[in-house]
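Enquirer: Residue numbers (my numbering), protein chains in the order written: chain X, 16 to 156; chain Y, 16 to 156; chain S, 16 to 156; chain C, 16 to 156.
Each residue gets a CB set at the ideal place from its N, CA and C atoms; glycine is no exception.
One structure, as structure tokens, below. Some questions next.
4 protein chains.
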Amino acid sequence: MDGYPFTHRVRVRFAETDAQGIAHHASFVVWLEEARVAYLAEFAGGYQAIRDGGIEALTTEVHLEYGRAAVFDDVLEIGVRCGEMRGARFRFTYEVVRDGERVAHGWTAHATVDAATHRPTRVPAWFAEAVLRAEASTPTP
Amino acid sequence: MDGYPFTHRVRVRFAETDAQGIAHHASFVVWLEEARVAYLAEFAGGYQAIRDGGIEALTTEVHLEYGRAAVFDDVLEIGVRCGEMRGARFRFTYEVVRDGERVAHGWTAHATVDAATHRPTRVPAWFAEAVLRAEASTPTP
Amino acid sequence: MDGYPFTHRVRVRFAETDAQGIAHHASFVVWLEEARVAYLAEFAGGYQAIRDGGIEALTTEVHLEYGRAAVFDDVLEIGVRCGEMRGARFRFTYEVVRDGERVAHGWTAHATVDAATHRPTRVPAWFAEAVLRAEASTPTP
Amino acid sequence: MDGYPFTHRVRVRFAETDAQGIAHHASFVVWLEEARVAYLAEFAGGYQAIRDGGIEALTTEVHLEYGRAAVFDDVLEIGVRCGEMRGARFRFTYEVVRDGERVAHGWTAHATVDAATHRPTRVPAWFAEAVLRAEASTPTP
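Structure follows, in structure tokens:
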């Protein structure tokens with residue numbers, strides 16, 4: 016997807032729909048996480064690699080704007096990009112697209128903490144470098 | 016809760032936690048919806064009353080900021096207020112509190128549409144008036 | 016509820032419905048867990064008390080039969096009873112009722128394990144006794 | 016997978032784990048549904064084809080036995096087979112496997128109903144035939 020170094024695909028589950036006949040808006044939050052995890056697997060050794068280093072990445076903010084409804088069995092492409100990495104904080108932006116039409120877009124903010132103490136701890140250097148390399152390859156639109 | 020005409024209580028389910036040992040961030044989106052539904056039941060005849068009138072309220076935006084982690088079995092109080100109602104659009108703001116400490120806060124935006132055509136349709140007058148009455152009773156902080 | 020020492024109430028969330036317009040069948044599994052947790056809070060110091068003793072209770076079997084559909088905003092009463100406690104194993108049975116009509120019923124089986132090693136470990140005596148006392152007070156129908 | 020005409024793959028989402036550090040037991044119910052939907056897409060024109068014919072397939076029973084825990088990011092293979100189709104009823108059996116080891120197994124029962132009246136209606140002939148063809152190709156183990 017233009018402007019995104021990585022695209023992840025999900026298919027809307029029946030369990031993710033609601034009585035309006037569309038995908039429930041909370042389902043998107045879970046999809047963004049799945050897309051983020053897939054991005055990290057592609058570029059930075061996986062989210063588990065961060066956890067294995069005794070670090071947890073907490074989600075500190077979620078922002079989503081919904082433009083079109085998604086329905087059961089829709090295949091959605093999620094563009095993912097990571098940026099604004101500073102100290103213990105980083106941010107992802109996303110675009111959710113179906114057949115070339117934007118369904119939703121948003122961003123999430125994260126903070127890395129020590130898994131034992133839950134105190135903020137810098138994003139590991141190897142992780143930051145892996146992400147910067149991946150992002151550098153794709154111009155911001 | 017100060018500045019909120021309505022407070023709704025939830026207890027964190029085990030199914031709502033994740034492998035970080037805390038409530039998953041997407042769970043809050045579901046709780047805000049439950050709090051919104053309870054607000055409408057209290058002041059405006061319930062969400063089902065809107066649906067019975069052939070109108071669906073879609074969620075068009077979600078914004079959440081997480082300050083503290085919630086854990087299994089926590090009792091959370093959710094302050095709810097509704098405002099900025101214009102044409103087919105309205106907005107809710109929320110504060111999630113545990114034992115007087117803020118855990119998260121955020122807002123959601125909504126649009127009313129005709130259930131059959133999914134075209135924007137004005138918020139029903141009886142609904143708008145009920146909400147305005149409820150809100151007028153509580154000063155914004 | 017007749018034949019159950021404990022009843023727990025849930026209200027169907029909008030997020031728990033699906034595009035059939037009814038509560039998704041997986042939602043019941045989460046409600047049974049919430050009812051189980053409430054039962055343990057009432058009679059046995061709460062599920063967290065077991066966890067605080069270094070023991071986890073795993074779910075080893077789930078069985079559910081659905082008779083009637085539940086819909087958004089339905090208030091469901093869940094009868095809960097615990098029995099067949101032997102060594103590291105115990106079992107709960109449930110009945111989900113709306114306005115006196117049975118919506119679903121089922122049972123779950125559980126095993127207690129050491130939280131660190133995940134090896135089976137006997138149900139703590141204080142827990143077994145508390146449950147037996149609670150169950151003794153209600154005749155099986 | 017031996018004895019199953021169809022295998023579906025899922026990867027455990029972080030949102031699907033719980034504070035025991037493992038996939039929550041209710042997540043499996045959703046995965047079985049996803050596997051069932053994928054089976055129908057492969058052999059019988061998809062679940063939406065049934066719905067398009069004015070028929071809904073309700074889930075009437077769920078039975079699951081959990082043998083091993085699944086954890087975040089695990090890739091699980093789900094063997095799916097459909098059988099015992101009679102009148103308005105049919106049944107699926109499943110086996111959930113990770114790296115050749117069985118994690119869980121179970122079955123679900125379903126009933127087809129008229130989408131408008133919710134009255135039982137026979138499984139459409141084209142659907143029954145498509146399933147029988149698929150099943151005939153794989154001997155029961």
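Would you list the residues sitting across from D129/Y in a DSSP beta bridge?
Expert: Taking the second sequence and counting its residues from 1, one reaches residue 129/Y at position 114. The partner list for D129/Y (beta bridge, DSSP) reads I70/Y.
Enquirer: Determine, using beta carbons only, whether F87/Y comes closer than 7 Å to chain C.
Expert: Residue 87/Y sits at position 72 when you count from the first residue of the second sequence. Closer than 7 Å: yes.
Enquirer: Between which two residues does the alpha helix (DSSP H) carrying T48/C extend?
Expert: The count along the fourth sequence starts at 1 and reaches residue 48/C at position 33. According to the sequence provided, residue 48/C is Glu. The question's Thr does not apply to it. That run of the alpha helix (DSSP H) goes 40-58.
Enquirer: Would you call the region 22-34 of chain S in contact with the region 85-104 of chain S, where contact means no fewer than 3 C-beta pairs closer than 8 Å?
Expert: In short, these stretches touch, since the Cβ pair count reaches three.
Enquirer: Would you report the Cα separation of I93/S and V77/S, rounded to the nearest angstrom?
Expert: If you number the third sequence from 1, residue 93/S lands on position 78. If you number the third sequence from 1, residue 77/S lands on position 62. Taking the straight line joining both Cα atoms gives about 16 Å.
Enquirer: Contact check, P20/S vs E99/S under 8 Å by CB: the rounded distance?
Expert: The count along the third sequence starts at 1 and reaches residue 20/S at position 5. The count along the third sequence starts at 1 and reaches residue 99/S at position 84. About 15 Å separates the two Cβ atoms, so there is no contact after all.
Enquirer: Cβ of A84/S less than 7 Å from any chain X Cβ?
Expert: Numbered from 1 along the third sequence, position 69 holds the residue referred to as residue 84/S. No, A84/S does not count as interfacial toward chain X.
Enquirer: In whole angstroms, what is the alpha-carbon distance linking A145/X and R96/C?
Expert: For the purposes of this step, residue 145/X is identified with residue 130 of the first sequence, where counting begins at 1. For the purposes of this step, residue 96/C is identified with residue 81 of the fourth sequence, where counting begins at 1. Cα to Cα, A145/X sits roughly 43 Å from R96/C.
Enquirer: Does the Cβ-Cβ distance between A84/C and R137/C come in under 7 Å?
Expert: Within the fourth sequence, residue 84/C is the residue found at index 69, counting from 1. Within the fourth sequence, residue 137/C is the residue found at index 122, counting from 1. The answer is no: Cβ separation not under 7 Å.
Enquirer: Going along chain Y in order, which residues have a C-beta closer than 8 Å to the C-beta of H39/C?
Expert: Looking up residue 39/C in the fourth sequence gives position 24. Result: F29, A30.
Enquirer: Please decide whether G69/S counts as near chain X, where near means a Cβ-Cβ distance under 7 Å.
Expert: One-based indexing of the third sequence puts residue 69/S at position 54. Chain X contact via Cβ: absent.
Enquirer: In chain S, which residues lie with their C-beta within 8 Å of the C-beta of Q63/Y?
Expert: In the second sequence, the residue the question calls residue 63/Y occupies position 48. Per Cβ cutoff of 8 Å: F87, D88.
Enquirer: In the region 98-112 of chain X, which residues sit with their C-beta less than 7 Å from some C-beta in chain C, listed in chain order?
Expert: Residues passing the 7 Å Cβ filter: none.
Enquirer: Of all the options A64/S, V45/S, A34/S, V52/S, which has the alpha carbon lying nearest to the alpha carbon of W141/S?
Expert: One-based indexing of the third sequence puts residue 141/S at position 126. Out of A64/S, V45/S, A34/S, V52/S, A64/S has the C-alpha closest to the C-alpha of W141/S.
Enquirer: With 7 Å as the threshold, decide whether the Cβ of G121/X is near any Cβ in chain S.
Expert: The residue you call residue 121/X lines up with position 106 of the first sequence. Not an interface residue.
Enquirer: Using 8 Å as the threshold, is the region 53-69 of chain Y in touch with the region 103-123 of chain X, meaning 3 or more CB pairs across them?
Expert: The region 53-69 of chain Y vs the region 103-123 of chain X: no contact.
Enquirer: Counting only Cβ pairs nearer than 8 Å, list the residues of chain S close to V52/Y.
Expert: Here the question's residue 52/Y lines up with position 37 in the second sequence. Within chain S, the residues near V52/Y are R28, F29, D88.
Enquirer: Tell me, please, whether the CB atom of E49/Y is closer than 7 Å to any CB atom in chain S?
Expert: In the second sequence, counting from the first residue as 1, residue 49/Y sits at position 34. Yes, its Cβ sits closer than 7 Å to a Cβ of chain S.
Enquirer: List, in order along the chain, the chain Y residues whose C-beta lies closer than 8 Å to that of V77/S?
Expert: Along the third sequence, one-based indexing puts residue 77/S at 62. In chain order: nothing, as chain Y lies at least about 12 Å away.
Enquirer: Can you find a C-beta in chain C that's less than 7 Å from the C-beta of E116/S?
Expert: The residue you call residue 116/S lines up with position 101 of the third sequence. Cβ-Cβ to chain C under 7 Å: no for E116/S.
Enquirer: Using only CA atoms, which one of E31/S, A72/S, F58/S, Q35/S lies nearest to V45/S?
Expert: The residue you call residue 45/S lines up with position 30 of the third sequence. Residue E31/S is the option with its Cα nearest to V45/S.
Enquirer: Kindly list, in the order they appear in chain S, the residues whose Cβ is closer than 8 Å to that of V44/C.
Expert: Mapped onto the fourth sequence, residue 44/C falls at position 29. Under the 8 Å cutoff, chain S gives H40, A41, V44, V77.
Enquirer: Check R104/S in the structure and name its three-state DSSP category.
Expert: For the purposes of this step, residue 104/S is taken as the residue at position 89 of the third sequence. It is a strand residue.
Enquirer: Within the continuous alpha helix (DSSP H) that includes V146/X, where are the two ends?
Expert: In the first sequence, the residue the question calls residue 146/X occupies position 131. V146/X -> alpha helix (DSSP H) spans 140-151.
Enquirer: Please list the partners that R127/C has in chain S, where partner means a Cβ-to-Cβ separation under 7 Å.
Expert: Within the fourth sequence, residue 127/C is the residue found at index 112, counting from 1. Sequence check: residue 127/C is Thr here, not Arg. Result: empty, since nearest Cβ-Cβ is about 12 Å, beyond 7 Å.
Enquirer: So, using beta-carbon positions, are L47/S and V128/S closer together than 7 Å?
Expert: As a position in the third sequence, residue 47/S is number 32, starting the count at 1. As a position in the third sequence, residue 128/S is number 113, starting the count at 1. Cβ distance not < 7 Å, so L47/S and V128/S don't count as in contact.
Enquirer: Check whether the Cβ of T74/S lies closer than 7 Å to any Cβ atom in chain C.
Expert: Taking the third sequence and counting its residues from 1, one reaches residue 74/S at position 59. Answer yes: the Cβ-Cβ gap between T74/S and chain C drops below 7 Å somewhere.
Enquirer: Go to T22/Y, then tell me how far its beta strand (DSSP E) extends in each direction, as first and last residue.
Expert: Stepping through the second sequence from its first residue, residue 22/Y is reached at position 7. Note, T22/Y: beta strand (DSSP E), 21-26.
Enquirer: Does A64/S come out as helix, strand or coil in the three-state DSSP assignment?
Expert: As a working note, residue 64/S is residue 49 in the third sequence. A64/S falls in the helix class under three-state DSSP.
Enquirer: Measure the C-alpha to C-alpha separation of M16/X and P154/X and round it to an integer number of angstroms.
Expert: The residue given as residue 16/X occupies position 1 in the first sequence. The residue given as residue 154/X occupies position 139 in the first sequence. C-alpha separation (whole angstroms): 12 Å.
Enquirer: Mapping DSSP to helix, strand and coil, what is A30/C?
Expert: Position 15 of the fourth sequence, counted from the first residue, corresponds to residue 30/C. Three-state DSSP puts A30/C in a helix.
Enquirer: Pick helix, strand or coil for G159/X, following the three-state DSSP scheme.
Expert: Outside the shown range of chain X, which is 16 to 156, sits residue 159/X, and nothing can be said about it.
Enquirer: Check whether the Cβ atoms of G82/X and A34/S lie closer than 7 Å to each other.
Expert: Here residue 82/X refers to the residue found at position 67 when the first sequence is read from its first residue. Here residue 34/S refers to the residue found at position 19 when the third sequence is read from its first residue. Cβ distance not < 7 Å, so G82/X and A34/S don't count as in contact.
Enquirer: So, at 7 Å on beta carbons, what are the nonlocal neighbours of S42/S in its own chain, with the 5 sequence-adjacent residues on each side left out?
Expert: Numbered from its first residue, the third sequence carries residue 42/S at position 27. Cβ within range, chain order: E31.
Enquirer: Only counting the same chain, and skipping five residues up and downstream in sequence, which positions put a Cβ closer than 7 Å to that of A59/C?
Expert: Residue 59/C sits at position 44 when you count from the first residue of the fourth sequence. F142, A145, V146.
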